[in-house]
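In this note's numbering, the protein residues as written are 30 to 433.
Remarks on the structure that follows.
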Amino acid sequence: MVSAATLRKGAAAAVISLSLLAVPAHAAPSPGGAATLPAPDADGLLGVLSTARSQGAPGAMARIDDAGSLHRTTVGLADRSTGRAMATTDRFRIGSVTKVMSATVLLQLVDEGKLTLDSPINRHLPGLLPDDRITVRHVLSHRSGLHDYTDDMFARTVEGFEAVRTKTFTLRQLVGLSLRHPRTTAPGGAYRYSNTNFVVAGMLIRKLTGRSLATEYRDRIIEPLGLRDTFYVHPGTAIPGRHARGYLTPDTAGAALVDATEQTVSWAQSAGAVISSAQDMNTFLSALLAGRLTSAASLAEMRRWVPAGTGQAYGLGLRRRDLSCGVSVYGHTGAVQGYYTYAFASADGRRSLTALANTSNNARVMNTMLRTLDSAFCGKRAKVRGGAGPVVRHEDVAPGVARD
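Now the structure itself:
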């Protein structure tokens, strides 16, 4: 394993395209890793993205990095106003995939002896929370019982978004919104997804390092891994460089999509405000799961699972998905206004997928995009799901909205 410290020192509507590129592998396959997986199902992946487009996404794309081989698929538009086609090189808002990055930084701080997973939050942030029993482990695994403040904020999708689109919050203000409500469970109780947990994680990062979130993401993850498309621009509203525009689906059926691209994402910050690309997300997840960003002990802690719904479990900022062919993959989903992201990798990180649809608040699209995981990791062994299938509950931005 290359330690984090060592890494830091080193250092279209009608357009449909499909490309498969092969480059030499850089290392021998590892047992039980990507080498044992069936080949990705390129036709299946194209079919999934095309279905998402037919369900209301202006465009969709997916990139698979597979131990030296590259698979790229795009459909539809990145920009409805200009007609520009979606590209796998486009940048976008990754939403709650940010949580994996925040958890990684905190686990690096654990490795450096700055805190322990079972230390109370109030030891480091005195008086922040109403219960001294809530620990670092509880917030990273969504078992703190802290109410998700976004439930109220986005109870009405477009109105809620427009109210916060250009607003800047402090992290403490967001925690305060949560504390207006009773807790959902006792500390250490059952998994209950809440963005509040990763707002607290962001406060911990800032308190323990004395530096900004942008600086910590840059110095600990972005620069060591050479990520060229990954940014934390809060409270800036623009996505730097070439990017896919994001379109929010109104609550009223048939209403026009709302361009949600420009926003502060101050309502999310360390819970969901990072900008990235498919290539950078695959590089990040592959490095994390290969043990290049934390100690082996910390990575093992990230993969201590608690039940988190049908076919999935949650560790410390890391989600496990159990696929139709019996394979499990690791990463996170991200829903932020205008964008749905699936970013997952195999157990050893040798195969990784990032898939994007540039719409949100559309449960049909979000559930369709879930099938990209089967195409990427199960290949043609993926079981065909009949009909629309059950609606998966997603958990990012409000109780009645498709969440991750």
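No residue lacks a Cβ here, since even glycine has one placed at the ideal position from N, Cα and C.
The structure displayed is predicted, hence computed values, not measured ones.
- The beta carbon of residue 245 is closer than 7 Å to those of 134, 234, 238 in its chain, skipping five residues each way along the sequence.
- If you check the CB distance, residue 397 and residue 307 do not come in under 8 Å.
- Annotation for residue 400: the continuous alpha helix (DSSP H) segment containing it runs 392-406.
- Per DSSP, reduced to three states, the secondary structure at residue 227 is helical.
- The beta carbon of residue 218 lies closer than 7 Å to those of 172, 174 in the same chain, with the five residues before and after it left out.
- When secondary structure is reduced to three states using DSSP, residue 103 falls in the strand class.
- In this structure, DSSP gives residue 144 a state outside helix and strand, which the three-state scheme calls coil.
- Rounded to the nearest angstrom, the Cβ distance from residue 271 to residue 120 is 7 Å, consistent with a contact under 8 Å.
- Per DSSP, the beta bridge partners of residue 94 are 99, 381.
- Inter-segment contact for the stretch 290-299 and the stretch 365-383 is present: three or more beta-carbon pairs are separated by less than 8 Å.
- Rounded to whole angstroms, residue 91 and residue 80 show a C-alpha spacing of 13 Å.
- Each of 96, 128, 107 was checked against the Cα of residue 372, and the nearest Cα belongs to 128.
- Boundaries of the beta strand (DSSP E) harbouring residue 357: 357-365, taken from the DSSP string.
- Around the Cβ of residue 83, a 10 Å sphere holds fewer than 16 other Cβ atoms; the residue is exposed.
- If one requires a minimum length of 4 residues, the alpha helix (DSSP H) runs lying completely within the stretch 188-252 are 200-207, 224-238, 242-246, in chain order.
- Residue 107 sits close to residue 113, with the two beta carbons spaced by under 8 Å.
- Here the C-alpha atom of residue 320 lies approximately 32 Å from the C-alpha atom of residue 72.
- If you draw a straight line from the Cα of residue 328 to the Cα of residue 288, it is about 38 Å long.
- The secondary-structure analysis by DSSP pairs residue 368 across a beta bridge with 365.
- Excluding residues up to 5 positions away in sequence, 350, 352, 358, 371, 373, 382 lie with their Cβ nearer than 7 Å to the Cβ of residue 402 in the same chain.
- Counting only the Cα atoms, residue 286 lies some 40 Å from residue 215.
- For residue 351, there is no enclosing alpha helix (DSSP H); the residue is found in the beta strand (DSSP E) stretching over 348-351.
- In the structure shown, residue 173 falls within a coil segment according to DSSP collapsed to helix, strand and coil.
- In summary, residue 348 is buried, with 16 or more beta-carbon neighbours lying within 10 Å of its beta-carbon over all protein chains present.
- Separation of residue 170 and residue 156 (C-alpha to C-alpha, rounded to the nearest whole angstrom) is 21 Å.
- Within the same chain, Cβ atoms closer than 6 Å to the Cβ of residue 161 are found at 149, 151, the five residues on either side in sequence being excluded.
- With a threshold of 16 other beta carbon atoms within 10 Å, residue 301 meets it and is buried.
- About 21 Å separates the beta carbon of residue 231 from that of residue 316, a gap too long to meet the 8 Å contact definition.
- For residue 342, same chain residues with a beta-carbon under 7 Å away, outside a window of 5 residues either side, are 334, 335, 336, 349 in chain order.
- When only Cα atoms are considered, residue 69 and residue 85 end up about 25 Å apart.
- Under the DSSP definition of a beta bridge, residue 304 partners with 122, 260.
- DSSP lists no bridge partner for residue 137.
- Measuring C-alpha to C-alpha distances from residue 258 to each of 159, 277, 304 identifies 304 as the nearest.
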